[in-house]
Amino acid sequence: MNIYHSDEDFKRKIAKTVGVSVADIDWSTLIILHKSIDARDQKNILFVYNIAFDFVGTRRGEFHEPAVGHRTCEFYEPVSFNPIARSRTGEFHDPTIRPVVVGFGPAGIFASYIFALNGLKPIIIERGKSLDDRTKDVDKFFKTMELDEESNVCFGEGGAGAFSDGKLNTNNKDKTGIYHFILETFVKFGADARILYENMPHIGTDKLVDVIKSIRDEIIKLGGEVHYNTKLVFENGLAKLAPTNAPIILAIGNSSRDTFRELIENGFDLKPKPFAIGYRIAHRQEMINESQYGGACKTRPYVDKLGPATYKLTYDVGNGHSVYSFCMCPGGYIINSSNYNGMLSINGMSYNDRSGKYANSAIVETITPEDVLGSYNSPVRECSYNSPVRMIEFQEMIEKKAFELEKGFIPYVSSKGSDICPEDVFKGQAKYSEKLKTVFDDLGLKFNINEDIEKALKHFNKIIPGFYKGSQSSPIQEGAQFIIAGVETRTSSPVKLDRDENYMCNVKNYYPCGEGLGHGGGIISCAADGVKVAMKIIETRYI
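Using our numbering, the first residue of the sequence shown is number 49, and each one after it goes up by one.
Now the structure itself:
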């Protein structure tokens with residue numbers, strides 16, 4: 049439908065599509081299942097809807113087949129997820145053994161919520177601070193560069209997702225209803241109802257923090273406990289603070305390298321896994337809008353109706369690797385997401401309204417364990433093939449080099465003649481650095497990451513004119529308006545902890561969950577993993 053359609057236009061279009069009158073439809077039952085933008089014809093941009101509804105009582109019995117056989121209509125059977133597990137006796141076996149959840153990011157939050165809904169009163173331990181205190185520490189770090197290693201963009205209540213764009217994307221079909229349950233839970237605790245049907249839903253960091261606090265308060269109301277500033281440590285091979293025989297969900301984030309090492313030392317069979325590294329690139333959001341929607345998007349109605357445009361780009365380098373955009377943040381900021389002193393990493397974030405002047409996205413290339421193992425100059429080349437430590441140390445090596453470039457400032461370069469204002473791009477202190485590309489020098493890899501990324505950027509410029517202009521000898525030239533900053537290293541965890549059909553790992557009573565141990569990627573998939581692991585524990589341990 050035309051993006052300026054009215055409610056009456058909407059109703060008439062639906063009725064005409066189905067082949068009935070407007071009066072034949074019970075509009076109180078109308079549900080928008082999905083809404084997306086069709087911008088293939090920039091002169092006629094459309095909203096595309098997928099909806100469900102019922103007919104008024106006198107007409108319901110007349111439509112035993114999809115309404116008048118129209119090819120765009122079919123019967124709708126909603127899939128619902130019931131978060132309450134029921135035993136045949138109606139009671140749980142030994143509910144006094146309280147489950148323990150380690151980490152309070154998306155996976156830990158939703159695992160805890162499921163336990164709480166089922167009356168199991170989870171004990172939650174979070175190494176960082178509450179969101180209110182954590183936010184103060186993050187703001188202080190952005191201004192002064194004084195880092196609290198236990199309270200930062202990565203560590204603390206809400207996990208890394210609390211200081212992000214709050215994207216709620218998933219590429220999977222929701223056959224179980226879990227994804228919709230997660231979105232409904234976010235809405236129940238304060239998120240906008242539009243996330244239930246938008247094609248690329250997001251909450252924004254400013255709204256997400258309030259939603260997380262509301263879910264946490266509900267967990268506590270239902271009998272759960274949250275212990276902040278409490279880190280998972282082992283003594284004689286056993287986790288301290290955990291009741292004997294309690295199921296323990298390991299929902300640690302992908303930045304918990306010290307915990308990864310402690311798990312390895314205590315017999316947990318962690319494996320190395322690929323992750324991606326690269327830079328972040330920022331452009332004027334107006335330029336991205338125009339490339340996606342056309343010149344008319346400069347007018348206020350287009351901006352209000354369509355919102356800031358996004359993109360998703362990929363390029364096959366031809367050497368067995370690909371370069372792609374990751375975590376694109378429209379109207380957002382590049383932030384200093386460091387959580388260890390002497391190391392630097394960056395990320396992207398945006399607020400709910402995505403009203404910032406600039407769009408940014410990671411441009412990254414995947415690094416595999418085989419790549420690192422084969423690196424002649426790699427400081428971890430002597431590690432055994434199955435050692436996860438080599439991937440952790442490789443990640444650390446890059447972040448140390450990035451930190452040393454400009455003593456902890458976010459290093460960046462900009463296109464020649466650019467009038468982009470760095471103060472409007474970065475959250476955290478940044479500094480122009482002609483040495484930025486050297487971060488990826490001398491890694492000993494069999495391929496050149498800088499060359500691969502530049503080839504990809506040139507290809508992306510063909511898709512979005514003005515995205516990038518350069519050459520291998522002089523990569524920054526006049527023409528495009530952009531800032532490139534480094535480094536992006538936390539795209540995913542460098543390790544994975546396998547689990548069996550009941551989601552338990554090789555150590556009894558421990559259940560790896562979420563992104564940190566290789567079982568999720570993003571808010572929704574990690575939250576869904578938390579739901580599934582908690583439900584499985586209830587089914588196998590308490591029923």
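Even for Gly, the Cβ is constructed at its ideal location relative to N, Cα and C. The structure presented is a predicted model; accordingly, all values stated were derived computationally and were not measured.
N- and C-terminal bounds of the alpha helix (DSSP H) containing residue 156: Note, residue 156: alpha helix (DSSP H), 154-165.
Pull up the distance between the alpha-carbon of residue 117 and that of residue 104, whole angstroms please. Note on residue 117: pLDDT 48, under 50, position unreliable in the model; no value is reported.
To the nearest angstrom, how far is the alpha carbon of residue 355 from that of residue 401? Residue 355 and residue 401: Cα-Cα distance of roughly 9 Å.
Quickly, what does DSSP pair residue 545 with across the bridge? List them, please. Looking at the DSSP assignment, residue 545 forms a beta bridge with 318.
Just to confirm the assignment: which complete beta strand (DSSP E) runs, minimum length 3, are found wholly within the segment 465-494? Taking 3 residues as the minimum length, the beta strand (DSSP E) runs contained wholly in the segment 465-494 are 478-480, in order along the chain.
Looking at residue 542 and residue 416, is the spacing between their C-beta atoms short of 8 Å? Not closer than 8 Å, so no.
Entirely enclosed beta strand (DSSP E) segments - the segment 359-404, minimum 3 residues: Taking only runs of at least 3 residues, the beta strand (DSSP E) segments lying wholly in the segment 359-404 are 362-364, 370-377, 381-384 and 394-397.
Identity of the residue in 458, 486 and 465 nearest residue 473 by Cα: With respect to the C-alpha of residue 473, the residue from 458, 486 and 465 having the closest C-alpha is 458.
Can you give the Cα-Cα distance for residue 358 and residue 336, rounded to whole angstroms? Computed Cα separation, rounded: 7 Å.
Are the C-beta of residue 269 and some C-beta of chain B separated by less than 8 Å? Of the protein chains in this structure there is only one, and it is not chain B.
Is it buried or exposed for residue 274, if we count other Cβ within 10 angstroms and need 16 for buried? By the neighbour-count rule (16 or more Cβ atoms within 10 Å), residue 274 is buried.
When we look at the beta-carbon of residue 576 and count the other beta-carbons within 10 Å, is it buried (16 or more) or exposed? It is buried - the Cβ of residue 576 has at least 16 other Cβ atoms within 10 Å.
7 Å Cβ shell around residue 449 - same chain, five flanking residues per side excluded: Same-chain partners within the cutoff: 487.
Please report how far the alpha carbon of residue 526 lies from the alpha carbon of residue 532, in whole angstroms. Because the pLDDT at residue 526 is just 44, under 50, the model does not fix this residue reliably, and the point stays unresolved.
I'd like the span of the alpha helix (DSSP H) that includes residue 83, first residue to last. For residue 83, no alpha helix (DSSP H) segment is defined; the enclosing uninterrupted segment is the beta strand (DSSP E) at 73-86.
Thinking C-beta only, is residue 529 closer than 8 Å to residue 468? Against a cut-off of 8 Å, the Cβ pair of residue 529 and residue 468 comes out as a contact.
Whether residue 243 touches residue 256 by CB criterion (8 Å): No, these two residues do not count as a Cβ contact at 8 Å.
If you measure between the beta carbons of residue 477 and residue 537, is that distance less than 8 Å? Result no, Cβ atoms of residue 477 and residue 537 do not sit closer than 8 Å.
For the beta strand (DSSP E) containing residue 100, list its first residue and its last residue. From DSSP, the beta strand (DSSP E) with residue 100 extends over 94-103.
Which first and last residues belong to the beta strand (DSSP E) in which residue 273 is found? In the DSSP assignment, residue 273 falls within the unbroken beta strand (DSSP E) covering 273-275.
Less than 6 Å between C-beta atoms, sequence neighbours within five positions excluded: which residues of the same chain meet that for residue 172? In chain order, 149, 152, 160 and 274 place their CB closer than 6 Å to the CB of residue 172, counting only its own chain and leaving out the 5 sequence neighbours on each side.
Quick one: any contact between the segment 375-388 and the segment 308-316, if contact means 3 or more CB pairs under 8 Å? In short, these stretches do not touch, since the Cβ pair count stays below three.
Answer with buried or exposed for residue 132, where buried requires no fewer than 16 other C-beta atoms within 10 angstroms of its C-beta. Classification for residue 132: exposed.
Consult DSSP for residue 417 and reduce its assignment to one of helix, strand or coil. In the structure shown, residue 417 sits in a helix (DSSP, three-state: H, G or I).
Could you tell me the distance, in whole angstroms, from the CA atom of residue 65 to the CA atom of residue 222? Whole-angstrom Cα-Cα distance: 26 Å.
Beta bridge counterpart(s) of residue 509 as assigned by DSSP: Beta-bridge pairing links residue 509 to no other residue.
Assuming residue 481 contacts residue 461 under a Cβ cut-off of 8 Å, what Cβ separation, rounded to an integer in Å, is found between them? Indeed they touch by this definition, with Cβ atoms about 7 Å apart.
Residue 63 lies in the alpha helix (DSSP H); which residues open and close that run? From DSSP, the alpha helix (DSSP H) with residue 63 extends over 55-66.
Exposed or buried, what is residue 50 when buried is set at 16 or more other beta-carbons lying within 10 Å of its beta-carbon? It is exposed - the Cβ of residue 50 has fewer than 16 other Cβ atoms within 10 Å.
Can you tell me which of the three DSSP states residue 298 falls into? Reduced to three states, the DSSP call for residue 298 is strand.
If you draw a straight line from the C-alpha of residue 431 to the C-alpha of residue 438, how long is it? Only weak support exists for where residue 431 lies, its pLDDT of 48 falling under 50; the coordinates are left without a value.
Cβ-based burial, residue 524 [other Cβ within 10 Å; buried from 16]: Low local confidence applies: a pLDDT of 39 at residue 524 is under 50, so the model's placement there is unreliable, and no value is given.
Apply the 10 Å Cβ neighbour rule to residue 364 and answer buried if 16 or more other Cβ atoms are within range, or exposed otherwise. By the neighbour-count rule (16 or more Cβ atoms within 10 Å), residue 364 is not buried but exposed.
Residue 82 classed as buried or exposed, judged by whether at least 16 other C-beta atoms fall within 10 angstroms: Counting Cβ neighbours within 10 Å, residue 82 comes out exposed, since fewer than 16 surround it.
Please say whether residue 453 and residue 483 have beta carbons closer to each other than 8 Å? Residue 453 is positioned such that its CB atom lies closer than 8 Å to that of residue 483.
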